[in-house]
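Below: one structure, written as structure tokens.
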Amino acid sequence: MLRQRSEGRDAANRARIDEESHQAFIQQFKDKIGQDGRWWLPALNEADPNGVACWTNLEQFVFVPTGNTPPSGITLEQLAQIARAALTVPEPTIKLSPDAKSFVNLPTWVWLEGVGQPRRTVTAELPGVMSVTLVATLKSIEIDPGTTPDRAEVTETGCGAVGKPYTRGGAFSCGVRYMRASIDQPREKYTLTVTTVWPVDIQSQGGAVPFQFDPVQLEATRDVPVGEIQSNVTPPAN
């Protein structure tokens, strides 16, 4: 820090304008030579209209012994919030079987595509001081058929993390069985919603984060027209 503040064009200009003030300014850095610690400087969010005013009221150079942070410095909890704000998960695509249209009492298989890696991580850190890594792992999905239980029966016993793709002759264990046609619904369709659930694990260095984040949840929707198969029974001819 002494080298940064006593060399270069800016330092030379300050010394030329007022050598005595310049020497008094860099004395604070000379006093800390050989001590184990770090210099902290204020930072600001330039998008915040109050950022500059806040920054000018903060002490510009704070020396803190190794392993500590200044009273107004960022905390481990704040670092975790920064990481959480940067944590995103992919928006999936809902796949169905049957695909274009389902029918009353016919199992409609549900699964997801486009999820990619089911584990997402973000790290926020102050190098050498503290860090927080958030790990979001896709654990399950939740299916909303877009109607009431008397009109649709949801099965989620075999969904796992991304649902269950249709297999010929396979057991139906993830999807919806509609029991009423959608002819009386808006646009004559049900709107099915699948929510991916990503629990978040916190890994930290420099202390423990005293809270836990709620799981990250992301919804995807799909229109499902449901028809009704009609059959006529005629008596045999005499």
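Residue numbers for the sequence shown, in the UniProt record's numbering: 1 to 238.
Cβ atoms here follow ideal geometry from the backbone N, Cα and C, with glycine treated the same way.
DSSP-derived helix/strand/coil call for residue i
| i | result |
| --- | --- |
| VAL7 | Note that residue 7 is Glu in the sequence shown here, rather than Val. Three-state result, GLU7: coil. |
| LYS95 | strand |
| PHE103 | strand |
| ILE143 | strand |
| GLY51 | helix |
| ALA161 | coil |
| ARG38 | strand |
| ALA220 | strand |
| GLU59 | coil |
| GLN205 | strand |
| LEU79 | helix |
| ALA152 | strand |
| GLU228 | coil |
| LEU87 | coil |
| GLU20 | helix |
| ALA43 | coil |
Reference residue i; option with closest CA among the options
| i | options | result |
| --- | --- | --- |
| VAL104 | ASP31, ALA15 and ARG151 | ARG151 |
| GLY34 | PHE63, VAL52, GLU7 and GLN23 | PHE63 |
| ARG84 | PHE213, ASN13 and VAL115 | PHE213 |
| ASP31 | GLU19, MET1, GLU7 and ARG9 | MET1 |
| PRO127 | GLN4, ALA12 and TRP39 | TRP39 |
| THR167 | GLU20, ARG16 and LEU96 | LEU96 |
| ILE229 | TYR178, GLY207 and VAL200 | TYR178 |
| VAL115 | THR123, SER102 and ILE94 | ILE94 |
Beta-carbon proximity list for residue i, same chain, < 8 angstroms, skipping 5 on both sides
| i | result |
| --- | --- |
| ARG119 | VAL135, ALA136, THR137 and LEU138 |
| ASP223 | ARG187, LYS189, TYR190, THR191 and LEU192 |
Own chain partners of residue i with C-beta closer than 6 angstroms, once the 5 adjacent residues on each side are dropped
| i | result |
| --- | --- |
| PRO65 | GLY37 |
| TRP198 | VAL89, ALA136, LEU138, PRO215 and VAL216 |
| THR221 | THR191 and THR193 |
| ARG14 | HIS22 |
| GLU142 | THR195 |
| GLU219 | THR193 and THR195 |
Close beta carbons around residue i, own chain, < 7 angstroms, minus the five adjacent residues each side
| i | result |
| --- | --- |
| GLN205 | MET130 and SER131 |
| PRO42 | TRP55, LEU58 and GLN60 |
| GLY73 | TRP40 |
| VAL154 | ILE143, PRO145 and VAL176 |
8 angstroms contact criterion, which residue i and residue j should meet: CB distance rounded
| i | j | result |
| --- | --- | --- |
| ALA80 | ILE183 | Contact doesn't hold; Cβ gap of about 50 angstroms is too wide. |
| PHE172 | TRP109 | 7 angstroms |
Exposure label - residue i; buried when at least 16 CB within 10 Å
| i | result |
| --- | --- |
| GLY146 | buried |
| PRO49 | exposed |
| PRO92 | buried |
| PRO107 | buried |
| GLY51 | exposed |
| GLY163 | buried |
| ALA47 | exposed |
| ALA124 | buried |
Chain C contact for residue i (CB, 7 angstroms cutoff)
| i | result |
| --- | --- |
| GLU153 | Protein chains in the displayed structure number just one, and chain C is not present. |
Proximity test, residue i beta-carbon vs the ligand SAH heavy atom, cut-off 6 angstroms
| i | result |
| --- | --- |
| ARG16 | Absence of the ligand SAH from the depicted structure is noted, as is the absence of any ligand whatsoever, leaving it without description. |
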